[in-house]
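In this text, residue positions in the sequence shown follow this note's numbering: the first is 796, and each later residue adds one.
Glycine included, every Cβ here is placed at the ideal spot set by N, Cα and C.
The next block holds one structure in the form of C-alpha cells; read it before the comments.
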Amino acid sequence: MKQDFKKIQSRHPGELLLILFAIILSYTSALDGGDFDVYLEAAYKLFHGQNPYLPPYAKDGMGYSYSPFFIILLIPFTSDYFLTEFVWCLLLCVMLYRSYVLFCHYLDEKPLEGKDKKIWIWLLLILSYQFVSNNIGMVQITIFLLWAILESLRLIKSNRAISGGLLLGAVINIKIMPVVMLGYLLYRGYFMSLTIAIMTSVALLFLPSLFWGMEYNLTLLKDWWHIINPAHAEHQIEEGIGMHSMMSFLPVYLTETSGELPYPRNIFNFSSGTAVLITQWSIVLLGLISLLYFRSRPFIKETNQIKAIWEISYFLLLIPLVMPHQQKYAFLLVMPMVAYVLYFFLITKAWQSELSFKIVLAIFIIAMIVFSPIHGSDIIGRDAFRWSQHYRLITISTLMLIPVSLYCNPSKLKHQTIVLQEQNK
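So, in C-alpha cells, the structure goes:
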C-alpha cells in the first residue's frame, strides 16, 4: 500500500493533471450525452424488436450507421446510458495513451532527448487537443479505431498474424473506415493477416443471424448499406457545414453548390457529374501517392521502423480524406503523421539550413494553425469557425501535410544519426 502511494507521489504533476482532466472530461461528456446515445438507442431498439436503421430516432434525429454486429456488443450496456458512456470515455483515454505508446515504439527516441522531447510532447498535446476533446466530448469511437489499427499492426508485425487480422477485421466490420489499411497489408505482403481480416469482417456480418435469423439480418444489412453506400448522391457531393472529406472539399470548389453560408466557394463551373468524376480520380491519385511512401517493390516487408510508421501514418491520414461523410473528429487519424513530422523537424533543425527546409517548415506551421486550439469557436468565434468549415480548411490543411511529410523522408534522418555518432566519439 505504501509502495503504491509512493508511486503516485513520484508521478510528474503534469501526468496527474492529465489524468484528472481525463476524468472530468469523461464525466461531463457522459452527462451531456453524445453520439454513443445513438449507438445505445440502436441496441435498445433491436433488442425490443425494432429496426435500428429506421426512424424514429430519439437523439436529435440522428440515425445509426454502424454494423449490426456492433449493436449486439452494446445490448448488455443499455440499462444505464450515463454509466456506459462514462466508462467508455475513460476507456478512450486509456486507448489514446496506448496509441501514443504504440506510435513511439517505431521511433528512435535517442536523438530526441531532454528539452526537444518535452517540446515534441507539448506540441503534440496542443495540436491534438481539439480533435481529442471533440472525440471524447461527442462520445465517439475514432480513438478506438486509431488504437485498434495500431494494435493490430503491432500484432501483425510481431508474427501474430491471426490475432492482428482478427482485430483489424472486427474493427472494419464495426465501422468500414479502416478498410483503407488493407491496402497497406497487401503492398507489404502480410497476406495471412489480410485474408484473416477480410474473412473476419465478412463473417461478423452474418454473426447476428444466430440471434435474429438470417432473413432479418439480411434486412438489417440491406438497410445499413443503404445508409453508407458511397454511390449515393449525398455522399458524392457533401455541401453542408461540418463535412471535411474529399467529397465535401473538391466538389464545392469545382461546381456551384448551395452551402449553409451565403458565400460562394466554386472557382470553376463544371457540371456536378464532372466535379464528382474529378473527385473520384483525385482519390485514386491519393492512393497512388502511397507508392512515394513505400519506395520499394511490393510484397516486401519494411524493416526500418521509422519508415514503417511514416508509411502507416500516410494510410491513417488517407482514411478521413477518402471516406465519405467525415467530420472533424475523424481527423484525429491525421495526428500520427503530425507527430512524425514534428519529430523530423525537431531532430533535423540543428543541421538543416537550406531554403527548401525553411519553406516546408513554414508550410507546416501554416497548416497546423487549423489543427491548433486557435481554430476553435471559443477563440476565433462561432462565425469565423463556421466560415472555416464552409471553406473546408481542415481538409486543405491535411492535404498540405502530404507534400510536407514527403519532404520529411526518413532517409534524411540517417544524416542526423551519423552526426550524433561522430559527436559521441
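- Message: Tell me which residues share the same chain as V1079 and place their Cβ nearer than 7 Å to its Cβ, disregarding the 5 neighbours each side in the sequence.
- Response: Here the question's residue 1079 lines up with position 284 in the sequence shown. The answer is none, since no qualifying residue turns up.
- Span of the alpha helix (DSSP H) holding S1066? Stepping through the sequence shown from its first residue, residue 1066 is reached at position 271. From DSSP, S1066 is part of no alpha helix (DSSP H); its letter is neither H nor E.
- Taking the C-alpha atoms as reference points, what is the distance between A1103 and E904? On the sequence shown, position 308 is the one that residue 1103 refers to. On the sequence shown, position 109 is the one that residue 904 refers to. For A1103 and E904, the distance between alpha carbons rounds to 15 Å.
- Would you kindly report the start and end of the unbroken alpha helix (DSSP H) that includes F864? Walking along the sequence shown from the start, residue 864 turns up at place 69. First-last of the alpha helix (DSSP H) with F864: P863 to L869.
- In terms of residues, what are the limits of the alpha helix (DSSP H) holding T879? Here the question's residue 879 lines up with position 84 in the sequence shown. Start and end: Y876 to C899.
- What is the rounded straight-line gap between the Cα of N954 and the Cα of T990? In the sequence shown, counting from the first residue as 1, residue 954 sits at position 159. In the sequence shown, counting from the first residue as 1, residue 990 sits at position 195. Cα to Cα, N954 sits roughly 15 Å from T990.
- For S996, which residues of its own chain have a beta-carbon under 7 Å away from its beta-carbon, when the five flanking residues on both sides are left out? Walking along the sequence shown from the start, residue 996 turns up at place 201. Here the set comprises G964, I967 and N968.
- Query: Taking DSSP as the reference, what is the three-state secondary structure of E1217?
  - Reply: Indexing the sequence shown from 1 puts residue 1217 at position 422. Low confidence applies here, because E1217 scores a pLDDT of 48, under 50, leaving its location unreliable; read the following figure in that light. In the structure shown, E1217 sits in a helix (DSSP, three-state: H, G or I).
- Rounded C-alpha distance that separates Y1128 from T1190: As a first step, residue 1128 is located in the sequence shown; it is residue number 333 there, counting from the start. As a first step, residue 1190 is located in the sequence shown; it is residue number 395 there, counting from the start. Position check: residue 1128 holds Leu in this sequence, whereas Tyr was assumed. So the alpha carbons of these two residues sit roughly 13 Å apart.
- Query: Is it right to say G829 is buried, meaning 16 or more other beta carbons lie within 10 angstroms of its own, or is it exposed?
  - Reply: As a working mapping, residue 829 is identified with position 34 in the sequence shown. Looking at its Cβ environment, which holds 16 or more other Cβ atoms inside 10 Å, G829 is buried.
- Item | Residue from E1029, V1071 and V974 with nearest C-alpha to Y1048 | Residue mapping note: residue 1048 aligns to position 253 of the sequence shown, counting from 1. The shortest C-alpha separation from Y1048 is found at V1071.
- If you count every other CB in all the chains shown that lies within 10 Å of the CB of I957, and 16 or more means buried, which is it? As a working mapping, residue 957 is identified with position 162 in the sequence shown. Classification for I957: exposed.
- Query: Near V1151, which residues of its chain fall below 8 Å by C-beta distance, leaving aside the five closest residues on each side in sequence?
  - Reply: In the sequence shown, counting from the first residue as 1, residue 1151 sits at position 356. Sequence check: residue 1151 is Ser here, not Val. Closer than 8 Å at Cβ, skipping near neighbours: Y1202.
- Message: Just to confirm my understanding: we take G1037, look at its own chain, exclude 5 residues before and 5 after, and list those with CB closer than 8 Å. What are they?
- Response: As a first step, residue 1037 must be located in the sequence shown, where it is residue number 242. Spatial neighbours of G1037 in its own chain (CB-CB distance under 8 Å, excluding positions within 5 residues in sequence) are listed in chain order as Q1122, K1123 and Q1184.
- Message: Helix, strand or coil, according to DSSP, for T1050 in the structure here?
- Response: Within the sequence shown, numbered from 1, the residue matching residue 1050 stands at position 255. Annotated three-state conformation of T1050 is coil, per DSSP.
- Task: Determine contact between the segment 1104-1121 and the segment 920-930, defined as no fewer than three beta-carbon pairs at a distance below 8 Å.
- Result: With the cut-off at 8 Å, the segment 1104-1121 and the segment 920-930 do not touch.
- Task: Confirm, please, whether the CB-CB distance from F1166 to V1199 is below 8 Å.
- Result: In the sequence shown, residue 1199 corresponds to position 404, counting from 1. In the sequence shown, residue 1166 corresponds to position 371, counting from 1. In this structure, F1166 does not lie closer than 8 Å to V1199 by Cβ.
- Item | Exposed unless 16 or more other CB atoms sit within 10 angstroms - verdict on C899 | Mapped onto the sequence shown, residue 899 falls at position 104. C899 comes out exposed.
- Item | Same chain, Cβ closer than 6 Å to F1044, five either side skipped, listed in chain order | Here residue 1044 is taken as the residue at index 249 of the sequence shown, counted from 1. Around F1044: R1187 and T1190.
- Boundaries (first-last residue) of the alpha helix (DSSP H) holding H1039: If you number the sequence shown from 1, residue 1039 lands on position 244. Here H1039 belongs to no alpha helix (DSSP H), and DSSP marks it neither H nor E.
- 8 Å Cβ cutoff met for G1060 and T1052: What you label residue 1060 is simply residue 265 of the sequence shown in a count that begins at 1. What you label residue 1052 is simply residue 257 of the sequence shown in a count that begins at 1. Note on identity: in this sequence residue 1060 is Arg, with Gly being the wrong assignment. For R1060 and T1052, yes; Cβs fall inside 8 Å.
- Message: I'd like to know whether the C-beta atoms of A1134 and T937 end up nearer to each other than 8 Å.
- Response: Locating residue 1134 in the sequence shown gives position 339, counting from the first residue. Locating residue 937 in the sequence shown gives position 142, counting from the first residue. A1134 is not a Cβ neighbour of T937, given a cutoff of 8 Å.
- Buried or exposed: which applies to R983, given that a residue is buried once 16 or more other Cβ atoms fall within 10 Å of its Cβ? Position 188 of the sequence shown, counted from the first residue, corresponds to residue 983. R983 should be labelled buried.
- Item | the segment 873-886 touching the segment 827-843, judged by at least three CB pairs closer than 8 Å | Contact between the segment 873-886 and the segment 827-843 is established, with three or more Cβ pairs separated by less than 8 Å.
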